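Asker: Residue numbers (the numbering used here), protein chains in the order written: chain R, 1 to 281; chain F, 1 to 281; chain B, 1 to 281; chain A, 1 to 281; chain W, 1 to 281; chain Z, 1 to 281. Note that beta-carbon positions come from the ideal geometry of N, C-alpha and C, so glycine has one too. Remember, it's a predicted structure, so these values are computed and weren't measured experimentally. Let me give you the structure first, and then I'll get to my questions.
Below you can see the structure in the form of structure tokens.
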């Protein structure tokens, strides 16, 4: 699946910052010493492990910002599955520029393709159920927009983007508000009509109270699959049900088969290993 | 081991950016709805898995920038090993502020402690050999300074910070310059006396030529442990030898026992899983 | 009503930019010439017209960023109604600092209090009906967070913050997607479970199709009060109904009495006159 | 009248900030869901009320920064008068890009055309007198450069840009300096030869002292038209005379006919209603 | 002479940028290695050559931004004359912080004191004449505000700050406008009443035409002292006369004695040698 | 000599900041008043004094950022020697754009060519010896990358870029660490294998201890040429020797003839006079 494109300003700003980290005040002193300014090359970014690609526009921006005359052709775009040795991107232009941008391009592409690949593994595991795999706010600082996007590339879906765009009532909020019903009432009184309201419960009594209080979504925190099944029955389609906690490649299928709507995973953004990609001349 | 502190401006700028991602234009709408402005709490960030801590100053900045009156006490500082349930940090102050900063603080702390923990595992594995574990430029875009620092917290050491502060001659540079000796000569003519020069070789003939050409460091790329041992013998302490490629927890001891000086790992920065930390009230 | 506080970073960044506009490279050359550095004053920001106050934190930041030793006491906080001659804020400290920050503080406070006052007028007009007054994306560039907040101060509520946090399907989207039902289906397939979906219709047939397609909110564009009443009957509480177009102080009561849930007004943000406030020594 | 163009960096920076507000981390999720990437459209920005146009370059930048392939043709440029239904700008290109940039483009254009239209109304009212209509520092925070420019588009003229580029001595400065003559002397001793000096007086005795002290401009604050006439006679062309206070469409002609040189209005920047413009496909 | 203080935001932003240059991603690795975190020191910034001090606030900000607990006492403030070995500033606090901020503090202080000292030399040379020494727009990029301020510290005065705050008509403008009179007419028609108008002439005929055209200031470009004297006679106090070109310590007195009002020098900002200052423990 | 190009982002950011300083909120009001928008010109930047050119890319960026249609041809590129009246750069395009960018372009070019010219004078003076001329961290705040680059244009070489990329142990560090040997040991234990270690000594005993402790470079501070010669003999090629202190055009040859490897000069960056360049139409 190819999600809609990222806002171009976000892409350029993040790539600019990464290039600053890598080029410092003196630039690529090795290439400048060893490679003539006029030398040109063809190179290819290829997959060394199989996975799902995400971040092609960030890699493109890295090459363009270093040298706007470098030309790219995309072999595997965002959301495509790459097999070992597949060409993700072919690059042609000044050798110095290609080498100066290489690491930044690969760092974005490997990291985000890692997120997409991890997401795709969970999505694959729940195939045939109605459960959607979604990410959380446990993202790498500074890269949230890109990791959320990589989750879409992997076939997943997005939870809220931050503290600002949806209500998520957790145990501390419930305690402070005086209970589930009161917390929901406070939230409804406070936020606008465009904002969805989710509440976290840890038992089935809480679920009933949450539905009664008008929650749009109920998060079932760390429940057993037995409890989750029971929750689905109790719910009868009234609220959207989200299972959270202990979601791994091993457990996710069983969780999905309970009939929940949403399964959220922090692992796909905070701990997915980078996809192994390399640039060869 | 506690490394020297990070420049404070880097810390504040990164935390500010992460807070912007999470707070958007409307802030923490859930806490604002459910929690009275005057409510205060005590909370603790505790380890849910064992590991080495890194990033305490970033977490501190997250709480301070949201609410400067929040008070912190550090239980496990950067470089300290935390066991399951150990208190890393105790937090006291306005409940709203604690909840608004919680996720940003944890995202930095979990990510960087993950890097430190992965580094410490490799360092532990080579204990008793002279090999140092170092990171590479395969870092998360925007977080290089912090990941380099987390490697120090884990007992590792740093390689160059970017393209600008050391020469690293790779195969493409050698090809463009016309061979190892010519590449080294070009580098020496081009860079200042404060810059170290490293060259990558993939066989022992290359090593001899690199040492003869005056390389400060020679990177032995993807060599077998047999070849590495032979390289150490040939070198006789003239250059610093760095082993690179196929470095895992399983292979690292054998690599270290060949007598190389430096073992570099991209995995500790690009793929280390986050350390599981949680904030409890 | 006092809404939850604005994220402090947004406040400081906006005030800093405004101070840069006003102070340039040379600062307040008049006060520097005429007023001794050691002179101190007491001043008061007072209402010269009655209205609802918004933006006190921005004014506070203006004084603090120019001179952190200036002291403020708030007479009328955000959301409070000020009568002519009421003291909104009392200021005490270095005369130069007070004069240098005065205009920036007043520009924020007058503009945002103007938005709050306009909102409050519409809110007052619909009192007793169930209709909520909400703002739109027709905000002053660079000030959206603050104007949305000022709407809350005036007793109104917020619509979506931007293109990113909710779906709003308009005529061009419907045309491109091939009709109301198809556009809703495309939106549901594309966005996550936390995102609300609104669609604009211009007749009652459209309303029926929108409800059938599962829209969370239906915007009734430029309908007569007769049509709006009919829409409320047809809807039977299934979707949230928003009336839009031709909303003025004269028309808003009649619109509210049709029974719609939401009335949106661009005027309260893009054309509300500034509230007349002045600083007196 | 078409004033000289705005510095391009100011334009791009302001538009970038406005796009960030509107696009957030996820972009235009509605257009992305409903409109094919390849779809193209023709659209027109048309006047729904008559007025004077200002801000065309900001609108242009909004479309260009979202999608550089969008093409624009200008129907009514900055400073031109648009009648109802006149095409201000014709736009052709990718439908998604046009829709994503539409609101930011219109927000700038409507706001600044509102300022230009209000200015033009005052300018029209004083036609045939020698009085110039000028704006003040009562501008919308962050938009001063653009509002000052819009005043020029409306046929007005600019007062100082900030605290830094001219001296304006007000009552507090006079009190602190020990009188009009002493304040003028302090200012002359302090500022360079390129800086003009204005002083505010509230009676005719003050005017005489101000002229004697060498003020370049004297602001006559809140004087009756009788007093203004008398001031013009007393002045005999020595200083530039500026009338300030109670300037409305109703009063401005009488003020101008007193013979003052300059009439300043805060209303044209802080309270001018937006000009109603819309984008139609 | 102590001029009015610089806007604090300008100071902090410039110092922050300079600290970033010097501290990079890893900070002061030498002090971190050699000096215990708890070590404290007393140090003094002393003059190694005599001169006029400027930039104390920038030095103060360097220490404060690195370590807010460092304490400073000022021995010679901005505008004061320091003799060899005079203590400009005494510093007390953490040794690491002092050493990390030292170079940035000294770089600002030496550069700006160099500008002040050069200015003071010219001012001293024209003592007793009515000529004021002013700087130009030939400043170091990024440091204009500070160099303009340093000129004031040295007893000089400021010319315009940029292209935006005053009109300066040069030969190309005159040629394009069709002559001196037409250029002045165009300028008067274009700019507001707060903007002064200067024109450059290279002969006495030009001077007459410039005065007739209503120029506020006439720049006499590269004229001999004979011509300058003649210009002063012709002028009879109508315009402000500025001498420009070939202004050196040797020539400036003779130029001043011609009776011109203003003598402008690029040298005091673009080529003044740094004042030799050092930090001693 | 033409050094490798500067990172393009550094160039654009610095030029943007300088243009903001010069154009402010209103732009080039003189050219806008006097020169028709459609007027075009040819101009040339020519040397008025002989020197070595540096900064051509910064000048190019100034013209491009103001008006991307302006065309440049380079007559004397970075590192080339310009004689009086030589054309450094020919410029063709809109007259307004050329005039608006002129001063920023010249300010960069004159300043950096001044640095290159000063460097070249020292390099010329030591011709035939093995000594390299290097710069220090005594650079103009905000311009370090460019001044370091200009030193290369002048035939010099670079010392470390900041506190972060090399160890430089000075007297305070030695005192805190407990002596030369202990300071070197601390540094070696603390920094990675890519970082060079330099130590400052002020007598020959210190030199011996520094070499014994494994310093890569030893800085000989303020030694007489006799001492320097003796140091070269003692060293026997083991460490790199850097002479520092009292380096002037008069003394540098004698210092170089002692046989030291490196001679560092602060003067070439902090006090080099600007090269006199002018733009003629």
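1) So, does the CB of residue 76(B) fall closer than 8 Å to a CB anywhere in chain W?
2) What whole-angstrom Cβ distance do residue 24(W) and residue 162(Z) have, given they're in contact under 8 Å?
3) For residue 255(A), which three-state DSSP category applies?
4) Opposite residue 225(Z) in the DSSP bridges: which residues?
5) Using the beta-carbon count (16 or more within 10 Å), is residue 147(Z) buried or exposed?
6) Would you please state the rounded distance, in angstroms, between the beta carbons of residue 77(B) and residue 53(B)? I believe it to be under 8 Å.
7) Using the three-state DSSP reduction, which class does residue 21(W) fall into: helix, strand or coil?
8) Quick check on the burial criterion: 16 or more other C-beta atoms within 10 angstroms. Buried or exposed for residue 157(B)?
9) Quick check: is the beta carbon of residue 157(B) nearer than 8 Å to any beta carbon in chain R?
10) Using 8 Å for Cβ pairs, my map puts residue 97(F) next to residue 272(F). What's the rounded Cβ distance?
11) Grouping DSSP H, G and I as helix and E and B as strand, with all else coil, what is residue 40(W)?
12) With DSSP as the reference, label residue 220(R) as helix, strand or coil.
13) Residue range of the beta strand (DSSP E) that residue 113(B) falls in?
14) Do the segment 14-34 of chain W and the segment 58-70 of chain W touch if we need at least three Cβ pairs shorter than 8 Å?
15) Can you tell me which of 267(F), 277(F), 261(F) puts its alpha carbon nearest to the alpha carbon of residue 129(F)?
16) For chain R, find out if any of its Cβ atoms is closer than 8 Å to the Cβ of residue 152(A); answer yes or no.
17) Quick one: which residues of the segment 229-246 of chain A get their C-beta closer than 9 Å to a C-beta of chain W? List them in chain order.
18) With a threshold of 8 Å between beta carbons, is residue 281(W) in contact with chain Z?
19) Between which two residues does the alpha helix (DSSP H) harbouring residue 206(R) extend?
20) Between 181(Z), 132(Z), 149(Z), which has its C-alpha nearest residue 6(Z)'s C-alpha?
21) So, does the CB of residue 103(A) fall closer than 8 Å to a CB anywhere in chain R?
22) Would a C-beta distance cut-off of 8 Å place residue 247(Z) and residue 224(Z) closer than the cut-off?
23) Roughly how many whole angstroms lie between the Cα atoms of residue 92(F) and residue 40(F)?
24) Taking 8 Å as the threshold (beta carbon to beta carbon), is residue 110(B) in contact with chain A?
25) Throw me the rounded Cβ distance for the residue 170(A) and residue 200(A) pair, which I believe falls under 8 Å.
26) Would you please verify whether the beta carbon of residue 173(A) is less than 8 Å from any beta carbon of chain W?
27) Can residue 239(Z) and residue 210(Z) be called in contact, C-beta distance under 8 Å?
28) Starting from residue 6(W), trace the beta strand (DSSP E) in both directions and tell me its first and last residue.
29) Among the residues of its own chain, which have a CB less than 6 Å from the CB of residue 274(F), if the five just before and after it don't count?
30) Drop a sphere of 10 angstroms on the beta-carbon of residue 141(R), count the other beta-carbons inside from all chains shown, and report buried for 16 or more, exposed for fewer.
31) Is there at least one Cβ from chain A nearer than 8 Å to residue 13(Z)'s Cβ?
32) Helix, strand or coil, according to DSSP, for residue 132(A) in the structure here?
33) Please list, in chain order, the residues of the segment 50-63 of chain B that have any C-beta partner in chain F closer than 9 Å.
34) Which bits of chain F does residue 207(R) rub up against, with CB to CB less than 8 Å?
35) Can you tell which of 99(A), 138(A), 279(A) has its C-alpha closest to the C-alpha of residue 33(A)?
36) Leaving out five residues before and five after residue 86(A) in sequence, what residues of the same chain have Cβ atoms less than 7 Å from its Cβ?
Answerer: The answer reads as follows:
1) no
2) 5 Å
3) helix
4) Answer is none; residue 225(Z) lacks a bridge partner.
5) buried
6) 7 Å
7) helix
8) buried
9) yes
10) About 30 Å separates the two Cβ atoms, so there is no contact after all.
11) strand
12) strand
13) First-last for residue 113(B): 95-125, but that is the alpha helix (DSSP H), not the beta strand (DSSP E).
14) yes
15) 261(F)
16) no
17) 240, 242
18) yes
19) 204-212
20) 149(Z)
21) no
22) no
23) 7 Å
24) yes
25) 5 Å
26) no
27) yes
28) Run containing residue 6(W): none; DSSP gives neither H nor E here.
29) 110, 111, 114
30) buried
31) no
32) strand
33) none
34) Result: empty, since nearest Cβ-Cβ is about 19 Å, beyond 8 Å.
35) 99(A)
36) 46, 47, 75, 76
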